[in-house]
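Chain order of the listed sequences is A and B. If you read the first sequence in the numbering used here, its first letter stands for residue 116, the second for the next number, and so on. If you read the second sequence in the numbering used here, its first letter stands for residue 116, the second for the next number, and so on.
2 protein chains.
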Amino acid sequence: MSAAADPLPSWNEGEAKTAILDFVRKTTDATNPDFVREKDRVATFDQDGTLWVEHPFYTQVAFALKRLTDLAPQHPEWKTTEPYKSALAGDLAAFAKFTVNDLEELVAATHAGMTTDGFHTIVADWIAKAKHPRWDRLYKDLVYQPMLEVMEYLRASRYKVYIVTGGGQAFVRAYADQVYNSRPEEVIGSSIATQFEYDAEGRAVLMRPPKLLLYNDSSGKPQDIYLFLGRPPQAAFGNSTGDQQMLEYTQSGGGARLMALVLHDDDKREYAYGPDSPQTDTKFGAFTQALYDEAKAKGWIVVSMKRDWKRIFSFES
Amino acid sequence: MSAAADPLPSWNEGEAKTAILDFVRKTTDATNPDFVREKDRVATFDQDGTLWVEHPFYTQVAFALKRLTDLAPQHPEWKTTEPYKSALAGDLAAFAKFTVNDLEELVAATHAGMTTDGFHTIVADWIAKAKHPRWDRLYKDLVYQPMLEVMEYLRASRYKVYIVTGGGQAFVRAYADQVYNSRPEEVIGSSIATQFEYDAEGRAVLMRPPKLLLYNDSSGKPQDIYLFLGRPPQAAFGNSTGDQQMLEYTQSGGGARLMALVLHDDDKREYAYGPDSPQTDTKFGAFTQALYDEAKAKGWIVVSMKRDWKRIFSFES
Numbered sequence: 116m117s118a119a120a121d122p123l124p125s126w127n128e129g130e131a132k133t134a135i136l137d138f139v140r141k142t143t144d145a146t147n148p149d150f151v152r153e154k155d156r157v158a159t160f161d162q163d164g165t166l167w168v169e170h171p172f173y174t175q176v177a178f179a180l181k182r183l184t185d186l187a188p189q190h191p192e193w194k195t196t197e198p199y200k201s202a203l204a205g206d207l208a209a210f211a212k213f214t215v216n217d218l219e220e221l222v223a224a225t226h227a228g229m230t231t232d233g234f235h236t237i238v239a240d241w242i243a244k245a246k247h248p249r250w251d252r253l254y255k256d257l258v259y260q261p262m263l264e265v266m267e268y269l270r271a272s273r274y275k276v277y278i279v280t281g282g283g284q285a286f287v288r289a290y291a292d293q294v295y296n297s298r299p300e301e302v303i304g305s306s307i308a309t310q311f312e313y314d315a316e317g318r319a320v321l322m323r324p325p326k327l328l329l330y331n332d333s334s335g336k337p338q339d340i341y342l343f344l345g346r347p348p349q350a351a352f353g354n355s356t357g358d359q360q361m362l363e364y365t366q367s368g369g370g371a372r373l374m375a376l377v378l379h380d381d382d383k384r385e386y387a388y389g390p391d392s393p394q395t396d397t398k399f400g401a402f403t404q405a406l407y408d409e410a411k412a413k414g415w416i417v418v419s420m421k422r423d424w425k426r427i428f429s430f431e432s
Numbered sequence: 116m117s118a119a120a121d122p123l124p125s126w127n128e129g130e131a132k133t134a135i136l137d138f139v140r141k142t143t144d145a146t147n148p149d150f151v152r153e154k155d156r157v158a159t160f161d162q163d164g165t166l167w168v169e170h171p172f173y174t175q176v177a178f179a180l181k182r183l184t185d186l187a188p189q190h191p192e193w194k195t196t197e198p199y200k201s202a203l204a205g206d207l208a209a210f211a212k213f214t215v216n217d218l219e220e221l222v223a224a225t226h227a228g229m230t231t232d233g234f235h236t237i238v239a240d241w242i243a244k245a246k247h248p249r250w251d252r253l254y255k256d257l258v259y260q261p262m263l264e265v266m267e268y269l270r271a272s273r274y275k276v277y278i279v280t281g282g283g284q285a286f287v288r289a290y291a292d293q294v295y296n297s298r299p300e301e302v303i304g305s306s307i308a309t310q311f312e313y314d315a316e317g318r319a320v321l322m323r324p325p326k327l328l329l330y331n332d333s334s335g336k337p338q339d340i341y342l343f344l345g346r347p348p349q350a351a352f353g354n355s356t357g358d359q360q361m362l363e364y365t366q367s368g369g370g371a372r373l374m375a376l377v378l379h380d381d382d383k384r385e386y387a388y389g390p391d392s393p394q395t396d397t398k399f400g401a402f403t404q405a406l407y408d409e410a411k412a413k414g415w416i417v418v419s420m421k422r423d424w425k426r427i428f429s430f431e432s
């Protein structure tokens with residue numbers, strides 16, 4: 116293959132790259148028995164750990180902590196009340212021990228109570244400046260260049276590309292265009308409800324009450340993919356047990372399907388937290404040995420960041 | 116305009132047709148101040164009464180009654196228990212008096228308890244043969260040809276076209292391709308939850324438990340448009356108070372927006388049940404005088420079926 120024709124230049128030659136290229140070629144070749152009509156070409160991507168860095172904590176957690184800090188002066192009681200106290204102190208050890216109820220309370224305090232437009236502006240303003248402590252670079256620059264290439268390659272091959280994230284749908288949509296070249300309708304995520312109201316001028320607005328509507332992780336991913344898209348995708352990319360059911364659902368569709376898991380095994384260029392590494396946090400899913408065994412047994416692709424990716428970030432030479 | 120160049124040949128010349136043509140021309144002309152980028156071109160259409168016939172009852176009600184009849188032998192208790200007894204007797208007067216709880220029970224009995232694939236097959240088999248009593252034609256042929264032309268005209272103008280229906284999302288998706296040329300992801304509707312499970316062979320399946328997730332009518336329409344699409348559409352078409360909030364939300368986006376209501380005022384070719392007609396059923400929304408007044412006050416288009424549509428169905432000459 117000539118370099119100019121390579122749609123995945125940040126990938127090293129190997130099984131993973133070959134599997135992706137083969138999948139796209141056969142499903143877009145009308146003479147191939149595995150051909151897929153354009154209207155059925157759908158691919159889904161987990162976000163955190165699949166499209167961008169998720170360590171040492173989710174980017175959305177950094178956002179929530181900043182929001183807490185900004186709002187703290189209006190809530191003096193937070194200084195002495197958990198989970199606010201630990202969260203405000205930036206106590207990551209305490210954070211790892213928060214219950215789901217604690218987290219829901221923090222989400223309610225930081226993500227609800229405003230209009231949908233208001234929340235969009237808050238996130239857009241934050242993501243424009245917020246930086247990752249390790250690289251001292253904007254979070255939005257810490258996307259995996261090899262995965263951006265897969266997304267663009269699929270789009271160029273007439274696939275519709277969706278982000279299917281356990282993170283907040285409205286949060287991700289606020290930057291999805293600039294970071295992933297994704298439209299709002301191409302982001303499916305965890306969602307709180309909205310409430311239709313009229314503002315003082317009688318104009319229709321949507322408020323964000325603190326009420327969970329969709330929890331888009333694990334079994335929630337296939338359920339929400341069905342809700343939004345109506346059938347299994349042809350291809351799905353994830354990196355943890357939170358994506359397991361999405362990949363199983365993808366494979367259940369039969370025919371030519373591509374299931375892939377990104378394995379974080381490069382502690383020099385990024386992080387290592389696969390089955391061979393000490394698990395740092397399993398609350399939200401992890402790449403466990405059981406998941407690795409399932410992938411091998413079912414023919415899913417395991418993408419080694421260390422072996423398969425020539426570079427990880429666009430700012431690397 | 117030459118006949119060959121007319122994208123809306125089933126429309127009579129008049130305010131409504133002119134408004135639609137003008138809206139599309141200005142929002143797709145890069146030199147016009149009202150130009151809309153392709154990625155923001157979204158239009159939403161109510162289904163029942165806007166895209167196809169909804170009288171004397173919703174098509175989905177006919178489906179539910181047929182399902183009840185098919186399932187009745189397994190449920191002898193239905194013969195003596197409401198709401199089943201009246202529904203099975205085809206008692207439309209009783210049907211009009213059913214409470215929301217009654218209807219939820221009927222939906223649960225007829226729309227839940229199977230896999231998502233199983234339900235799709237049930238609907239697809241039914242819609243292939245089910246006929247409307249007045250015309251003795253398939254329900255799926257009773258779509259409004261002028262509205263199909265608007266949908267195709269918008270698509271040709273690089274708009275994404277969505278159906279936003281109070282009816283069941285999975286129900287409408289089962290025939291949306293053949294009836295509207297719409298993909299599953301282009302149908303937003305009322306939805307019950309799904310439940311991820313493994314079948315006897317360990318294959319991932321989604322079951323349909325009898326649990327309402329989204330009620331996509333009235334305020335539910337803008338809420339679900341935001342959930343699925345992330346912003347107001349540029350254009351929205353409806354026909355009743357169930358679409359009022361969708362049109363208000365559309366207009367709230369500002370700039371060039373098209374809000375349109377189909378007025379059923381042609382009792383010869385279809386039905387007449389607008390503000391000037393006796394209201395046959397207001398439970399699910401109706402074209403009330405208040406809605407008519409709001410439309411006029413806010414510059415929404417009122418499409419008179421009698422005056423604006425040259426023909427209503429494709430089978431008419």
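Note that CB positions come from ideal geometry on N, CA and C, so glycine has one too.
Residue-chain proximity (residue i, chain B), Cβ-Cβ < 9 angstroms
i, result
"residue 345/A", "yes"
"residue 275/A", "yes"
"residue 281/A", "no"
"residue 355/A", "no"
"residue 270/A", "no"
"residue 118/A", "Reliability fails at residue 118/A, whose pLDDT of 49 lies under 50, so the model's placement of it is uncertain and no value is given."
"residue 70/A", "Given that chain A is displayed from residue 116 to residue 432, the structure contains no residue 70/A and the question cannot be resolved."
"residue 167/A", "no"
"residue 162/A", "no"
Nearest to residue i (by Cα), restricted to the options the options
i, options, result
"residue 408/A", "200/A, 355/A, 195/A, 258/A", "355/A"
"residue 74/A", "267/A, 301/A, 282/A, 148/A", "Chain A is shown from 116 up to 432; residue 74/A falls before or after that span and cannot be answered."
"residue 215/B", "327/B, 131/B, 347/B, 181/B", "327/B"
"residue 392/B", "174/B, 184/B, 380/B, 277/B", "380/B"
"residue 154/B", "135/B, 230/B, 276/B", "276/B"
"residue 238/A", "307/A, 157/A, 175/A", "175/A"
"residue 222/A", "431/A, 307/A, 419/A", "307/A"
Host beta strand (DSSP E) of residue i (start-end)
i, result
"residue 281/A", "275-283"
"residue 351/A", "350-353"
"residue 143/B", "Looking at the DSSP string, residue 143/B is not in any beta strand (DSSP E), and its letter there is neither H nor E."
"residue 365/B", "Careful: residue 365/B lies outside any beta strand (DSSP E), inside the alpha helix (DSSP H) at 359-367."
"residue 160/A", "157-160"
"residue 378/B", "373-378"
"residue 302/A", "302-307"
Residue i in three-state terms, based on DSSP
i, result
"residue 388/B", "coil"
"residue 96/B", "Nothing can be reported for residue 96/B: it is not among the residues displayed for chain B, which extend from 116 to 432."
"residue 233/A", "helix"
"residue 320/B", "strand"
"residue 313/A", "strand"
"residue 516/B", "Residue 516/B falls outside the range modelled here, since chain B spans only 116 to 432, and no answer is possible."
"residue 247/B", "strand"
"residue 415/A", "coil"
"residue 408/A", "helix"
"residue 163/B", "strand"
Under 9 angstroms from the C-beta of residue i: neighbouring residues of chain A
i, result
"residue 360/B", "311, 319"
"residue 337/B", "309, 311, 319, 321"
Proximal chain B residues relative to residue i, where beta-carbon distance stays under 9 angstroms
i, result
"residue 159/A", "Per Cβ cutoff of 9 angstroms: no residues; residue 159/A is ~12 angstroms from chain B at best."
"residue 432/A", "By Cβ distance, chain B contributes nothing, its closest Cβ being about 32 angstroms from residue 432/A, past 9 angstroms."
Contact set between residue i and chain A, taken where Cβ atoms lie within less than 7 angstroms
i, result
"residue 363/B", "319"
Short CB-CB distance (under 9 angstroms) between residue i and chain A
i, result
"residue 194/B", "no"
"residue 302/B", "yes"
"residue 325/B", "no"
"residue 341/B", "yes"
"residue 328/B", "yes"
"residue 415/B", "no"
"residue 256/B", "no"
Closer than 8 angstroms at the beta carbon, the chain B residues around residue i
i, result
"residue 186/A", "By Cβ distance, chain B contributes nothing, its closest Cβ being about 24 angstroms from residue 186/A, past 8 angstroms."
"residue 367/A", "318, 319, 320"
Contact test: residue i Cβ vs the ligand NAP heavy atom, cutoff 8 angstroms
i, result
"residue 123/A", "Only the bare structure without any ligand can be found here, which leaves the ligand NAP out of the picture."
Within chain B, the residues that residue i reaches when beta carbons sit closer than 7 angstroms
i, result
"residue 298/A", "154"
"residue 334/A", "311"
The alpha helix (DSSP H) enclosing residue i, as first and last residue numbers
i, result
"residue 225/A", "215-226"
"residue 201/A", "199-203"
Interface partners of residue i on chain A, CB under 8 angstroms
i, result
"residue 305/B", "Per Cβ cutoff of 8 angstroms: no residues; residue 305/B is ~12 angstroms from chain A at best."
"residue 231/B", "341"
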